[in-house]
Structures are given as structure tokens and as C-alpha cells.
């Protein structure tokens, strides 16, 4: 595919490069910039003056309400630069030189009065922002109270931005912006892509905030120069060096002795009131001219800027989960039946194979906890270590050409991703690693006063990796959430070694009232993915029907269970060592194992072209229009390790995966695997109309082509026959054998339909295109090698033939108005996600009946599976989302009042039929955010609020200078004590997130997907203000009575003769979130250098969650599980206090 585009590139590039000829005429220089004060606040109403030192004409411009100023025609020469604010006059310490034909974009910053009232020229400010965008200066980023010094948290201050909890499978920071999934957010450093190439989300979110010049964030209707299908685009501009040596050294410290107790921290756990917590963040920055003594002096020409930041943390995380009681370990099961009857079952002899598991579970220690007498609470230590480093070199090649190079490194080790498991056994932990690298080279050239161009190269490497430590213990899970899973990782290992290469060429030109921009971008993915979900094997108790191997007596005599009868719950299955299902990830003999388990070399190329024009039609009307075209290659694999099912109709032609009468062929190295999507057109249109100097109306619409997420949507590589997941389910007379240790599974040779070995030499590269595997022979051979010789139905994944990129439509209508130094805006913002990816299951779920499993073969009784396919998961582009919002913001920046304030409010509704491709597909003792559809053949019935939908969001950021030196009774203390104080605040108030209630029982013949929902009997009254604040539903152990599980009903299907529940998806709302972070800062200057001080010592005291508000998480949401309707975790920390010292020089 790369070769097929070379001709296109050869044809397009000369046009892109030569089209600038129309803009290359000579002329005078121009200058557009932004004026800010020492606190990085914009300065309106100031006069910027250029006085010619050669006796020529002088120039003056007044800053607008948003701090911008402009000079359209400046004669070349040297000038004296000064700024008058009315209250004071500032002057540049050096002359200001203007070259012929240069288009200047440098901003200006005013020093504090203590530094001698100097004007400092800085790098260019941000370009005009799209609707809903956010501009954060370096001063704001480094000043506002940031938990973990993570700049990306400041993006939540923008209207329409929420954290996306479905970022699920990774630790990259993901945000749901304007109702779109977190994987649709794009990040960059100095224009070089830093989005995780496989998983999406931000890398380098912990970039040293002292090294950030500004954060440019855009969302909504964006110009054509922004692509990648971005719902939002965030570019972090790093600081550059200057002629003066400058930098900083800092240390941030916090520990548990300064913190308040979390609501779920019970006094007495491990004899501690608060779990241990120690955090150190340290590092520094340094920048200046490049000097090699006696060889090179880089002043006015070559500059460097370097930074380092280290992070060390040991955190004791409170874990609350259900474990077996002492009586349950003896074989006693107190049970409540669906009809409300209570009884006690007794397993006379607990199976010895399960006894070691029961013995290893800790005993309950909090009988009044969220899971009743089963509650166990403790803390797990989680260690995190990061080392982040970056160096930037800026070189002025000539008056018209500049070169920027930067290299950044980030080594992340930890945290453990499942502290609930390490609370049972430390060896059950899954550690997170990520070694990130980013490099960028940018060459900028000004051809003339009206034409410039920029060429950049970018590289990002990210290695998010999640290896399990224990390689012998199989997982033991509970489909009804009865107990915390035991050994849940099952030896899993997954992650990626991702590499993205990026080439961009952009050109900009001005002609009359038009400002044009056009360019080309090419991105190439070269990734290796590792994906082993259960190498140790995984047992599931409950969630489906298992059958008793022994007689179980009941206290009443009314519910005795005879051998062969269905077991009523997962506890009786556990006590008798009778699981409902077992599966294991078994590799072929030529498939990589260990740290490279089932490795696949994932490849993709993306080609982008765009053109845009900003047309100043008249003094009131500005039009911005453009067109972007994006075409992405199909996913392909370096060694042809691909396979998928193909659906065929009766005529032998391709059929839809919706066709239950279709037949299937399973192809190795399918060519082509799916249709190529050439429809990547993305038109953009924006209109600004100024009613006056203070009131502007905005309107616009855009279509953005979506870029497929390689981690979530790659259902093509490294599947059968490179890996096979034997899946046993309990059937009458055929129990699933249980062994509490890893049992290797051997796979047979795979043959094609002509009887030839597909991999005679063990090399996937030898396989011809569209080789059809003899699947019946293969699955029979697998069955012959497995215990019990149960027919093995392959679990299939694939990509739909008509899979598309999809696109995001955005539109907005809003108005801005300035009230003096207060700027207010209000906008209607809407988006629609079209042809979004989702998973469709044409053969329903594991254990499905004949009516729901058209591609499974059954015997004449319809109860025994004899062949065909098992569960099939096909990635499709059938999902849809919509988002509508009123977004309002208020900004006040006053140098006189020493205040910088920004408030935003969002009233919104986001609706979809699935909020992520992947999610928590199996029930646990905690909260299940998302599953596949309840009815696998009716995904539209899942339409409801998005999992990240929050109706009301209010955020406030506030920077206030505390001019205590002006307070008369404090003046005797002297300026060293009274001057330099600041108050900073971030406040967040939101309503609750939605959640779904699941039954935890297989209700129908559609199989055990963990997707079934109950009927609602009575609406609960949700509250966290009761005596037991964690009892969100309010009836304690009777919370289940709000619902009815529809089983044993007329015309019911499946082993429980049930039907689908009538309760919808995401029908309830969890508790709201309220948080106030505050910082007090004291800057103390010292020494002298030139007209200013030598440096500043900054002391900070930061208070996160100042008022120690309890922000509860979502409640346990499985009706038949332990602690249903109760909350066991908080959504944020208790009050934490942090102190820091920073030396700025």
C-alpha cells in the first residue's frame, strides 16, 4: 500500500511546495503577538511602541481586550521597544531588530516591578482556538495546584471535557471531549505527536511543568490543519533557552502524616489509622545559550533548554472486598432464592482440590462493612517510580530560517494495576511499565513577508506493558460477583512496543484579506503487540449453570440437590469444585511465549492532505473554511500472522455478519481482510461575526475522519491457529474438571481443507493468501488432546468486511462578549459519532442455545454441542453517538487587581449504544462499567447515556496576588515577609456518572456473557447521607428487592428459562463529585543581576480536597453479588497536604 501512494506523493509535493510562488512578493515586516504580565495574565488597553533608532518612522499599537496587538507594515531596522500600561512604563533591555519581510509572531511579557519594569520578548503565542478550546500559559501550568504535577489534569478545566473511565486497558490519560471516546483525543509536544500509537491517550502527561511554555488545546469545530479524527487536540509547547542562563530546582513532598483519613480507612487495619503514603517529586530546569569556550558562542543564535523530573511514591491503597466466611469455608451456604425463600444448604465434604484456595483467602475482618459478614478490608502498598528527561536545542540558521530539535524520555515503573489482588497474595500483582521516547525536528523558513513554510519530523515510542508475576495459579472468578476473584490475572501478559514515525510539511501564505495554510502529513505505525489473556487458565463459578457432582442437603428439606441437578449459586459450585467454565490461552508450538507471548507485528500507514483559508471579508465578518482528506491503510502484520472468518451466502458470495443463514470459512492470511475506506473527506467551516468591538458571534461545522485505535480495534492478528482458547462449559453429565494449578495445553497441527499442513516449516510467512483452515479437523484434534475430550468450539474474532474508519461531525453556535476585563462566552456545542467501532456477536455468547447460536452444531436433542463455532466477536462500525451541550465560560484577568480567574459550566447530554470497544466484560466483586449488549442481536437496545456522561459540570481556576505589602498594619514586617504572596485555587463540582445494574445470572439461551439485566420493581432512593453513607440504595442486605430477575417464566429460554430484563443501560446515576484544591505561594527574591534580582525562592503549601469531602465512587452493581447497592471505594482522595521549595534563577 505504501508503494501505491508514491505517485500521489510525487504529484502532490511539487504543488504544495511551489504554490507559494503566488505569495512570495517582497514587502515590509509584520508583527502579531500577545502582551502578558509577570503572572502570565493578558494585559488589555496597553500601548506597544516602536521607536526607530535610525530616525525613521515610529509605530504604536494598542492591545485589545484579549491582549493582542498587531503591526501590519514595519520598515526594516533597529527599534527601541516600550510598553505603557497607564500606571507604568516598561522598556526592553536590548534593541529590537526587524528584518526585511519577516512575519513576527513573538509575544511580550512584562516583568514584575521588583525586576525593573522590563519588557521581555517571548516565543509566539497560541493560534486562534477552536470552539471549546483552552489556552494555558506556562505561568498557569506551573502555578495552579496540580496533583502529581500532571498538566493534563488542567484540561478538565475546559468546558465539555471529562475523564474517560473506559480508557480501561491502559494507564494512558484519556479524556472524553464533547461526548467522544477517550481514544479520540490527540496530544503533541512542539507539534510532534505524543499520542500512544497503540492505545491512544497521552504519553508524557507528567512532562515537567516548569519546562512548559504553554498548552494549546482545541476541541469542537477545528481547522483543517488538525486531523487524526481528533475530538480534541492538545499541543504542549516547551520552553526554549535565551541569552541569559535561567532555570529552576524543586522538591515537592507529601506523606501520610499530613493527610486526613479516607472514609474507608478503618482504625485498626494493620494498627494504622491511615495507610502509608510517601511521595517525592524533584527535579529542575536549565536553559541558556550554547557556548563552547574558545570554539563557539551561541548568544543570539543557538540556545538549549533541559529539564529532569523524578517521581517516587509508596501508596497504601485501601481495599474492601468480599471473601468467604468461616461457615462458608465449612460447606454452609445460606441462600435466598428468586422467589424470596431462604434456606441453608450444607456441602458435607468440601472438595479437597478447592481447600487450598479457601485457606489462602483472608478471613473477613469487618462484619459491618459494605459486603456484610463477608467484608475484608486492608491496604496494599503500591509503588511508582518515574524518571522524565528532555532537552531542546533552538538554532537560528539565518534571519529567515530556524531549526528546533528536541528529545524527551520517560521511564515509568509502576504502579501495580490490581492492588485488590495483591491484598490476597502479592504474587497476583500485575505491574505496569512504560518506556516512552519522543523526538522532534522542526525546520521553519520565512520566504517573504507573506509566505512561510515548516517541515517537521516526529517519532514517538511507547511501551505500555502489563506482565503478571504468577505463572502457576489459574484464575478463579465468580460470574455473580460473590467473592473477590482469586489469582485473577491468570498469568496474563499484554502490552505493546509501539513506534510512530511522522512527517509533516505545512505552508502558510497571506494574500490580501486571505490567510492560507496547506500541507501534507504522513504517519507510519510499526508496532509489536503482546496479548495473552489467560496463559495459566481461568475458571468461572456462577454466571452459567453447573451441575452438582454430590448430594447437597437443605435445612428445610425443600431444596435438596441430587447429583446431576443444577447448582443454585456459585458458592455451591466452589465448595464442590464444580466450575461453570474453563478457558486457557494455548499457543501453537511456533508461537512466541514468555515475555513475547503471541507477539504480532502490527503495521499501518496514514496519509493526510489539507487546505484552509481564513478570509477577513470585512471589518465584521471572518470566514474560516477548509478541507482535509485522510486515507488510512488496512491493518496488516509483518509476518502475515492474520486470520478471520468470512461470511458467505447461499450463492457463495460475501454475506453480512447479521445473516443467520450464512455459512463461514475461516481464512489464514486473508487478502484483503476488509474493504478499504477511501471516504476520508473532512470539510470545515467557521464563521465569526463581530457586532461590535466587544461582541462576537461564532458558528461552524466540521467533519473529522476517525483514526482506528490499533489496540482496541485490531481483531485481525495473532488469533487462531497461532493461539487457541479451549473453552469448556458445564453440561449435564459432563462437568468441567478442576485443577488448582497451571496445566499446559498442547495444540495440534493445523491443516488446510486440502489436507496439507499450513505451517510445515513453522513460518507464517510461507502461508499463501486466503488459505482456508480445516476447522472441524482442528477442533476435533484439540478435543482429543484435552481432558474429558469435550468438543472444542473456537472463540473467534474478526473484522467485518465493510468496516469503516467512521467520522465525527461537530457543530456549534455561540457568542462572546467583553465586559471590560471580563470576557463571557456561551455556546451550543454538538457532536455526532458516525460508524463508530463496536463488537457484534453473531453467534451470541458462550453456552448459547441453538436458537441463539446459528453457527454452532448441536445433536438432535439440542443440548450437546458437536462442532461449529463458539462465541464470535466481530469488530464492526455500527455504533453511533450524539452529544448536545450548553457550554459557558467567564474569564477575568486584571493586572491592577492582581487576579486571573476562569470559570466554566457545561450542561450536556451524551448518548450512545456503547462507550468503548473494550470494557469490563466479566463481572467482578466491584463495579462493571460496561459489557457487550444484553441481547447480542439487538445492540440498538443498548442506547442510553454514555458511561462518561455527566449532566452538570462546573470548574473554577483562580490566581490571586495577595499584596500584603499594601496592608498598613503589616508594613512594619518589611517587604521580604509581606511581598510575593499568591493564592491559587481549582474547584470542581459535577453531578454523578451513570451506571447499569446487572443480574449476575444467565437469564436466557443467549449464553453467559455477564450482560443480563433484571427488571425494576421499585425505584430506589439513592443517597450518601444516611447513617451508613456507603449504602447507596438504602436497604442494606435487602437492596436486591428493588429488582426482579426474570427467570423461570413462561416461554423462557436457556437453563434458567428466563428472558431479557427490561431495565435499560446506564439508567441510574452515581454520587456527584465536589473538590477544592488550594495553594498558598510565597516568592522571595534574592541577590542582584543586572537590573533585576539574581533569583527567587518559592515556597508552596498545597491542600488537595481542602475540606476533606467524601467523594464516593459507584456502588457494586451485580444484584446477585456481595454488597450489591453499596459503595466500597471513593472517587478521589481524602485531604492531602503537600509542601515544596523551588529555586528559580
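Numbering (my numbering), first residue to last: 1062 to 2206. For glycine and all other residues, C-beta sits at the position ideal for the given N, C-alpha and C.
{"Asked": "Evaluate contact between the segment 1784 to 1796 and the segment 1924 to 1933, counting only Cβ atoms and requiring at least three cross-stretch pairs below 8 Å.", "Found": "yes"}
{"Asked": "Quick one, are the C-beta atoms of residue 1269 and residue 1447 less than 9 Å apart?", "Found": "no"}
{"Asked": "Whole angstroms are fine: how far does the CA of residue 2010 sit from the CA of residue 1871?", "Found": "17 Å"}
{"Asked": "Mapping DSSP to helix, strand and coil, what is residue 1389?", "Found": "helix"}
{"Asked": "For residue 2208, which option in 1880, 2023, 2005 and 2001 has the closest C-alpha, if you only look at C-alpha atoms?", "Found": "Residue 2208 falls outside the range modelled here, since the chain spans only 1062 to 2206, and no answer is possible."}
{"Asked": "What separation, rounded to the nearest whole angstrom, lies between the Cα atoms of residue 1371 and residue 1343?", "Found": "5 Å"}
{"Asked": "Near residue 1231, which residues of its chain fall below 6 Å by C-beta distance, leaving aside the five closest residues on each side in sequence?", "Found": "A caution first: residue 1231 carries a pLDDT of 44, below 50, which makes its placement in the model unreliable, though a value can still be read off. Here the set comprises 1260 and 1525."}
{"Asked": "Who are the Cβ neighbours of residue 1346 in its own chain at under 6 Å, not counting the five residues just before and after it?", "Found": "1271, 1272, 1308, 1309 and 1368"}
{"Asked": "Can you give the Cα-Cα distance for residue 2060 and residue 1324, rounded to whole angstroms?", "Found": "28 Å"}
{"Asked": "What's the C-alpha gap between residue 1869 and residue 1739?", "Found": "16 Å"}
{"Asked": "Curious, which full-length beta strand (DSSP E) runs of at least 3 residues does the segment 1945 to 2022 contain?", "Found": "1960 to 1973"}
{"Asked": "At what residue ranges does the segment 1607 to 1637 contain a whole run of the alpha helix (DSSP H), taking only runs of 4 or more?", "Found": "1631 to 1636"}
{"Asked": "Got a sec, what are the start and stop residues for the beta strand (DSSP E) residue 1235 sits in?", "Found": "Per DSSP, residue 1235 belongs to no beta strand (DSSP E) and is neither H nor E."}
{"Asked": "Looking at C-beta atoms only, is the number of pairs between the segment 1510 to 1528 and the segment 1562 to 1572 that lie closer than 8 Å three or more?", "Found": "yes"}
{"Asked": "Three-state secondary structure (DSSP) at residue 1811?", "Found": "coil"}
{"Asked": "Under 8 Å, with one C-beta from each stretch per pair, do the segment 1930 to 1947 and the segment 1884 to 1892 reach the 3-pair mark?", "Found": "yes"}
{"Asked": "Can you tell me whether residue 1682 is helix, strand or coil according to DSSP?", "Found": "strand"}
{"Asked": "Which of helix, strand or coil does DSSP assign to residue 1083?", "Found": "Any reading at residue 1083 must be qualified, since the residue scores a pLDDT of 47, below 50, and its modelled position is unreliable; the value itself is stated next. Here residue 1083 sits in helix by DSSP."}
{"Asked": "Is the Cβ of residue 1928 closer than 9 Å to any Cβ of chain C?", "Found": "Absent here is chain C; the protein component of the structure consists of one chain."}
{"Asked": "Taking only three categories from DSSP, how would you classify residue 1270?", "Found": "helix"}
{"Asked": "Tell me which residue opens and which closes the beta strand (DSSP E) that residue 2110 is part of.", "Found": "Run containing residue 2110: none; DSSP gives neither H nor E here."}
{"Asked": "I need the straight-line Cα distance from residue 1415 to residue 1469, nearest angstrom please.", "Found": "50 Å"}
{"Asked": "Hey, could you find the ends of the beta strand (DSSP E) residue 1889 is sitting in?", "Found": "1883 to 1901"}
{"Asked": "Given a cut-off of 9 Å, decide if residue 2121 and residue 2074 are closer than it, judged by their beta-carbon atoms.", "Found": "yes"}
{"Asked": "Could you spell out the range, first to last residue, of the beta strand (DSSP E) harbouring residue 1402?", "Found": "Taken as a continuous stretch (DSSP letters only), residue 1402 belongs to no beta strand (DSSP E), as it is neither H nor E."}
{"Asked": "Can you tell me where the alpha helix (DSSP H) holding residue 2039 begins and where it ends?", "Found": "2036 to 2039"}
{"Asked": "What does DSSP give as the partner residues of residue 1762 in its beta bridges?", "Found": "1746 and 1872"}
{"Asked": "So, are the CB atoms of residue 2063 and residue 1724 less than 9 Å apart?", "Found": "no"}
{"Asked": "Given residue 2187, which residues of its chain have a CB within under 7 Å of its CB, disregarding the five upstream and five downstream residues?", "Found": "1431, 2091, 2092, 2093, 2176 and 2177"}
{"Asked": "So for residue 1214, helix, strand or coil by DSSP?", "Found": "helix"}
{"Asked": "Counting Cβ pairs closer than 8 Å, one from the segment 1853 to 1860 and one from the segment 1802 to 1820, do we hit at least three?", "Found": "no"}
{"Asked": "Pull up the distance between the alpha-carbon of residue 1423 and that of residue 1388, whole angstroms please.", "Found": "14 Å"}
{"Asked": "Does the beta-carbon of residue 1608 have 16 or more other beta-carbons within 10 angstroms, so that it is buried, or is it exposed?", "Found": "buried"}
{"Asked": "Using the C-alpha atoms, what's the distance from residue 1395 back to residue 1315?", "Found": "46 Å"}
{"Asked": "Just verifying my parser: in three-state terms, what is the DSSP assignment at residue 1246?", "Found": "strand"}
{"Asked": "If we count the other Cβ atoms within 10 Å of its Cβ and call it buried at 16 or more, is residue 1536 buried or exposed?", "Found": "buried"}
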